[in-house]
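The letter at position 45 of the sequence shown is residue 336 when you use this note's numbering, and the numbering goes up by one with no holes. All C-beta atoms, glycine included, are put in the ideal place defined by N, C-alpha and C.
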Amino acid sequence: MRDRDADKRLAAETAVGEVRDHMLVGLGTGSTAAHAIAALAARGLRIETVATSEASAALARSKGLVVRDFADVAHVDLAIDGADAIDARLRCVKGAGGAMLREKVVAEAARRMLVIADGTKRVARLGATALPVEVLPFARAFVLDRLSAYFVRCVERAGYRTDNGHIVIDGHGWDDASPRALADRLMAVPGVVGHGLFLREVDAAYIAENGIVTRLER
Ligand code: 5RP
Numbered sequence: 292m293r294d295r296d297a298d299k300r301l302a303a304e305t306a307v308g309e310v311r312d313h314m315l316v317g318l319g320t321g322s323t324a325a326h327a328i329a330a331l332a333a334r335g336l337r338i339e340t341v342a343t344s345e346a347s348a349a350l351a352r353s354k355g356l357v358v359r360d361f362a363d364v365a366h367v368d369l370a371i372d373g374a375d376a377i378d379a380r381l382r383c384v385k386g387a388g389g390a391m392l393r394e395k396v397v398a399e400a401a402r403r404m405l406v407i408a409d410g411t412k413r414v415a416r417l418g419a420t421a422l423p424v425e426v427l428p429f430a431r432a433f434v435l436d437r438l439s440a441y442f443v444r445c446v447e448r449a450g451y452r453t454d455n456g457h458i459v460i461d462g463h464g465w466d467d468a469s470p471r472a473l474a475d476r477l478m479a480v481p482g483v484v485g486h487g488l489f490l491r492e493v494d495a496a497y498i499a500e501n502g503i504v505t506r507l508e509r
C-alpha cells in the first residue's frame, strides 16, 4: 500500500497539468496544496499566482513563483486546493488548516476550481468531518452558544488565530441532510465570518488512491 503523501503528490501533479501559460492561478493551503505549488514551480510556466494563506505565499515565493496580492485581483483562472472531505457531488469540508475563508474567496473568484486529495478524503457523508467555523474573537462566547444548536460538540482551537486574526471553532457531529441550510444558518450568526463548507465551488477533483488517479467532474 502506498503512503498517503505519495497519493497527495500524485493528485497534485496530475491536476497541475491543467495549468497553461499566462494563467492566474489560485494556490490552496495544506500539505496537498504544497505539492501542487512545488509541481507548478517545477513546470516553469509563465504564470502568476495568488495565495490563500501566508504560508502558501511564502512557499510559492521560495520556489520562484510570482505571487500577486489578492486584494488587487477580481478574477482567477484556476484555483487548486486540498480538502478534508469530499463527497460524490464534489461538496467539500475544508479548513483543517484554518485557511477556509481566503480559500472560499479565491475559489469563488476562480473560473474553475480543482480539489486535489488522497483517497482517504472521499466520504459518503460530510457530517462525520469536523466543520471549521471562523469567528470574530470579540464574539467568541456568543457564537459558541449559538453554534451549540447545530453541533453536538464545539471545540475552539486553543491559542490559534487565522491569517485574518480570527479564531476557529471546530463543530463536531452535525446533521448533513441539508448542508446548504446549515451554511446559511451559520452565516446568519453575527460574528461568524466564514466556514469550511464548499457546496458549489468545486468544478473537478483529482483523487489519488494507491497510485491511481480518478478525476471527478461536476
Ligand atoms: C486548509 C484546507 C486544506 O486544503 C485541507 O485541510 C487539506 O489539507 P491537507 O492537504 O494537508 O490534507 O482546507 O484550510
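Relative to ligand 1, Ala419 has its C-beta separated by 7 Å or more from all heavy atoms. Counting along the chain, no alpha helix (DSSP H) covers Asp461; the unbroken beta strand (DSSP E) around it starts and ends at 458-463. Annotation for Glu492: no alpha helix (DSSP H) segment contains it, and DSSP assigns it neither H nor E. Closer than 7 Å to some heavy atom of ligand 1: that describes the Cβ of Glu394.
Val396 is not bridged by DSSP to any residue.
Sequence-distant partners of Val357 (beyond 5 residues in either direction) whose C-beta falls short of 8 Å from its own C-beta, in its chain, are Ile338, Glu339, Thr340. A contact is defined here as three or more CB-CB pairs under 8 Å, and the region 368-382 meets this definition with respect to the region 294-314.
Asp378 is the residue among Leu438, Val426, Asp378, Pro428 whose C-alpha sits nearest the C-alpha of Gly410.
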